[in-house]
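J.:
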Amino acid sequence: MAGLASALRSLLGPEFWRQKLANWRARRFDRRYQIETSSVVPVAAMNDVAEDLARHAVHYEPTTLPKFERAMRALAIDPSRFTFVDYGSGKGRVLLLAARHPFRRVVGVEMSAALHEVAAANVEAFGRGCRLAAPIELHCGDARDFPVPEGNLVAYFYNPFDESVLAEVWGKLHESLRQAPRSLVVIYVNPAHRQVFDGARVLERVFDDGAVTVYRSSS
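Going letter by letter, the sequence shown gives residues 361 to 579 in my numbering.
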């Protein structure tokens with residue numbers, strides 16, 4: 361009986377209801393704009409992704425609205441001075457949410473052509489139902505090959521790939537920052553490989569609640 365009571369407390373505890381609310385908000389978001397961002401896609405189902413890239417990937421699962429909102433509150437920046445890049449943008453939910461803020465532009469980088477196409481359809485539908493505050497650009501390909509945009513940057517990661525690829529992407533961001541010093545903010549949600557950013561001397565951790573971590577360039 362004690363075990364059953366403990367299981368029920370866990371099942372009906374605050375985290376259970378937070379997740380239920382997050383799922384309800386996500387479904388409501390999709391229905392309102394006639395889009396589809398919620399269903400999970402395992403890596404095994406991404407048949408259009410090369411095997412040598414897929415083995416470093418993580419399944420598609422969208423950021424919840426509450427986590428995105430916590431990250432935005434932690435930024436403390438003027439969005440109009442920054443480009444927002446989502447590395448591993450999937451079906452585009454984060455891009456749509458970010459585009460409601462007045463960033464210079466919002467950019468998605470996704471390895472799967474199928475997810476990229478879903479994101480393009482979602483962006484088109486979203487634009488019909490919501491006036492965007494920032495333009496959205498979609499790029500399909502390996503995040504390691506994506507050229508780092510000029511100017512101030514918000515780099516968003518929702519645990520999109522393993523430590524080795526994350527380190528390569530960070531290395532490219534770091535080198536870009538070294539060549540052209542400017543403001544960089546890194547948002548890392550579900551930070552499975554946070555040591556990549558924690559070990560970067562040019563970054564300062566400014567927010568961390570366990571699920572969402574935000575770093576800023578020390579310059």
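All C-beta atoms in this analysis are idealised placements derived from N, C-alpha and C, irrespective of residue type, glycine included.
For R453, does the count of other Cβ atoms within 10 angstroms reach 16, so buried, or fall short, so exposed?
T.: Buried, by the Cβ-count rule.
J.: Is F463 helix, strand or coil when you go by DSSP?
T.: In this structure, F463 counts as coil in the three-state DSSP scheme.
J.: If you reduce the DSSP assignment to three classes, tell me which class A515 lands in.
T.: Looking at A515 - three-state DSSP - the assignment turns out to be strand.
J.: With A552 and H534 assumed to form a contact (beta carbons below 8 Å), what rounded beta-carbon distance in angstroms separates them?
T.: Rounded, the Cβ-Cβ distance is 20 Å, inconsistent with contact.
J.: Do the stretch 436-452 and the stretch 514-522 make contact, defined as three or more Cβ pairs closer than 8 Å?
T.: Cβ pair count under 8 Å is three or more, so yes.
J.: Run the CB neighbour count on D390, radius 10 Å, all protein chains shown included, and call it buried at 16 or more, exposed below.
T.: It is buried - the Cβ of D390 has at least 16 other Cβ atoms within 10 Å.
J.: Taking the alpha-carbon positions, what's the D505 to G373 distance?
T.: Rounded to the nearest angstrom, the two C-alpha atoms are 43 Å apart.
J.: So what does L498 bridge to, in DSSP terms?
T.: The partner list for L498 (beta bridge, DSSP) reads G468.
J.: Let me check one thing: in DSSP terms, what residues is S577 bridge-paired to?
T.: Answer is L563.
J.: Mind pulling the beta strand (DSSP E) runs of 3 or more residues that sit fully within the stretch 529-554?
T.: Counting only runs of 3 or more, we get 544-549.
J.: Following the continuous beta strand (DSSP E) through D438, name the residue where it begins and the one where it ends.
T.: No beta strand (DSSP E) holds D438; DSSP gives it neither H nor E.
J.: Express the C-alpha separation of F376 and C500 in angstroms, rounding to a whole number.
T.: Between C500 and F376, the C-alpha separation is close to 35 Å.
J.: Taking the straight line between their C-alpha atoms, what separation do you get for T424 and N383?
T.: Roughly 8 Å between the two C-alpha positions.
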